[in-house]
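Engineer:
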Amino acid sequence: MFIKKLLGIILFSTLLASTGAETAENTPELNPQHPDRYVVVPGDTLWDIAGRFLTHPWHWKDLWSRNPQIENPHLIYPGDVISIYLVNGRLVTGLTRGGATLKLSPTIRESSLVQSIPTIPLDAIQPFLNRARVTSVSEMKSAAYVIGQAERRLASVTGDHLYARGIASDPPTRYGIYRAGRPYYRKMGTDDPLLLGFEAISLGEAELTRPGDPATLLVTQSSSEILSGDRLLPEESQVFNRNFMPHAPDFPVEARIIDVMGGLSRVARLQTVVIDRGLEDGLEVGHVLVINQSGAMIQDPVTKESIMLPEERAGLLMVFRVFDRVSYALVLEAQQEMQLFAVVRTPQP
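Numbering-wise (my numbering), the sequence shown opens with residue 86 and increments by one.
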């Protein structure tokens, strides 16, 4: 009897220890200044709320998934009360709406006028979700192009007709109008840099009114004057999901910031940047990466040697649109000033 009891105690202790180890390993790290509860207000984002509770905001989905009552973390509204507490030694979240703890997935909202809060500030990336593009060298070279304007105008704007060549024999009806912008390169050590593609500057949209060579198109929208030589690309049919789920890549990533949209040379919070990795490198929408600023070169005061200081963490970004070889990302955090060619890496757990 004594031996059976002893074995039972050992087994129970082992189970308890293993459970505790699993909990410690799987539990997201709490922000030391986290609140016990937080009332959502207009202007909040899921990223900001996650940062109030967790050291690493992209672990929010891990914490949220432990609440079986809530299936969709994106449907959180101003006035909701979010709390965090322990259940059987594990952190879970709670959501209270209208004074009552929510029992079902928040998939229905009584008033359609009230919008759920976004994951990240959508206003900051809206211009780059649909119309902005990165094209390959071959895509830009083979694209249809404007050869002239109706009524012998020098440029076209909204409501004007223009003529183009290179329209396919079985053409789509709607086109984006683009001008080749700056080329994007990846540094390859001592080798020549690798050309990754071209920025395609969006000028407007056009609708095919008469096929042929040349074809006639109506400019339905323009943000800039359209000139001869500008390119026509079929409109992309993809619909972009605005409900991003931030998460760290499960593989090592090393990239660099190669452009700041808007022609800037310094990187700040809520700016859109281009990094030199894309679909071919395994990147996907929602990937969160750490920005490290390269250390300065200084002189050792004793030996007079030139010494490179180590990299310092400078911020965080999240990929929101991915092309073959480059990606667009939004800078969500900036602890210090950053510059072009800052290194971007997978966050440490």
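From the three backbone atoms N, C-alpha and C, an ideal C-beta is built for every residue, glycine too.
1. In whole angstroms, what separates the C-alpha of Y170 from that of L148?
2. Nearest CA to the CA of I202: which residue from P142, I134 and S223?
3. Here's a check: name, in chain order, each residue in its chain whose Cβ is nearer than 7 Å to the Cβ of P296, leaving out the five neighbours to either side.
4. Return the residue from the list L281, L279, E310 and D276 that minimises the CA-CA distance to A291.
5. Note the first and the last residue of the continuous beta strand (DSSP E) segment covering L402.
6. Buried or exposed, going by whether 16 or more other CB atoms sit within 10 Å of the CB of L401?
7. Smallest Cα separation from D366: which of W132, R271 and W145?
8. Per DSSP, what kind of secondary structure is M423 in: helix, strand or coil?
9. Alpha carbon to alpha carbon, how far is V407 from D129?
10. Going by the DSSP bridge assignment, what does D276 pair with across the sheet?
11. With 16 as the cutoff for other CB atoms within 10 Å, does I392 come out buried or exposed?
12. Which stretch, first to last residue, makes up the alpha helix (DSSP H) that contains V222?
13. Nearest chain C C-beta to D255 closer than 9 Å, yes or no?
14. Quick one: is Q356 buried, meaning 16 or more other Cβ sit within 10 Å of its Cβ, or exposed?
15. Taking L279 as the reference, which of F138, A419, Q118 and V411 has the closest Cα?
16. I'd like the list of long-range same chain contacts for G266, defined as Cβ closer than 7 Å, with 5 residues on each side in sequence excluded.
17. According to DSSP, simplified to helix, strand and coil, what is P319?
18. Does the beta-carbon distance from T431 to P334 come in below 9 Å?
19. By Cβ distance below 8 Å, which residues in the same chain neighbour M382 in space, the five residues on each side in sequence not counted?
20. Give the DSSP bridge partners of A249, in chain order.
21. Excluding the 5 residues flanking S313 on each side, which residues of the same chain have their C-beta closer than 7 Å to its C-beta?
22. Using the Cα positions of N377 and H144, report the straight-line distance between them to the nearest angstrom.
23. Mapping DSSP to helix, strand and coil, what is L160?
24. Under 8 Å by Cβ, that's how I've got I205 and M403 pegged, so tell me the actual separation to the nearest angstrom.
25. Can you tell me whether P142 is buried or exposed? The criterion is at least 16 other CB atoms within 10 Å of its CB, across all chains shown.
26. Should M225 be labelled buried (16 or more other beta-carbon atoms within 10 Å of its own) or exposed?
27. For a quick check, are the C-beta atoms of V338 and H372 less than 9 Å apart?
28. Rounded to the nearest angstrom, what separates Y413 and E114 at their Cα positions?
29. Only counting runs of 3 or more residues, tell me where the beta strand (DSSP E) segments fall wholly within the segment 119-155, in order along the chain.
30. Of all the options A340, G348 and I262, which has the alpha carbon lying nearest to the alpha carbon of E465?
Structural biologist: This is what the structure gives:
1. 11 Å
2. Residue nearest to I202 within the set P142, I134 and S223 is I134 (criterion: CA-CA distance).
3. I252 and P256
4. E310
5. E397 to V407
6. buried
7. R271
8. strand
9. Taking the straight line joining both Cα atoms gives about 26 Å.
10. M273
11. exposed
12. V222 to S227
13. Absent from the structure is chain C; it holds one protein chain and no more.
14. buried
15. By alpha-carbon distance to L279, the top candidate from F138, A419, Q118 and V411 is V411.
16. For G266, the CB contacts under 7 Å within the same chain, skipping 5 residues up- and downstream, are F283, E284, A285 and I286 in chain order.
17. The DSSP-derived three-state label of P319 is strand.
18. yes
19. S391, I392, M393 and L394
20. V231 and A300
21. V231, I232 and G233
22. Computed Cα separation, rounded: 20 Å.
23. L160 falls in the coil class under three-state DSSP.
24. Rounded to the nearest angstrom, the Cβ distance from I205 to M403 is 6 Å, consistent with a contact under 8 Å.
25. buried
26. With a 10 Å radius around the Cβ and a threshold of 16 neighbouring Cβ atoms, M225 comes out buried.
27. yes
28. 28 Å
29. Counting whole runs of 3 or more residues, the segment 119-155 contains the beta strand (DSSP E) stretches 122-124.
30. The shown model of the chain, from 86 to 434, leaves out residue 465, and the question about it has no answer.
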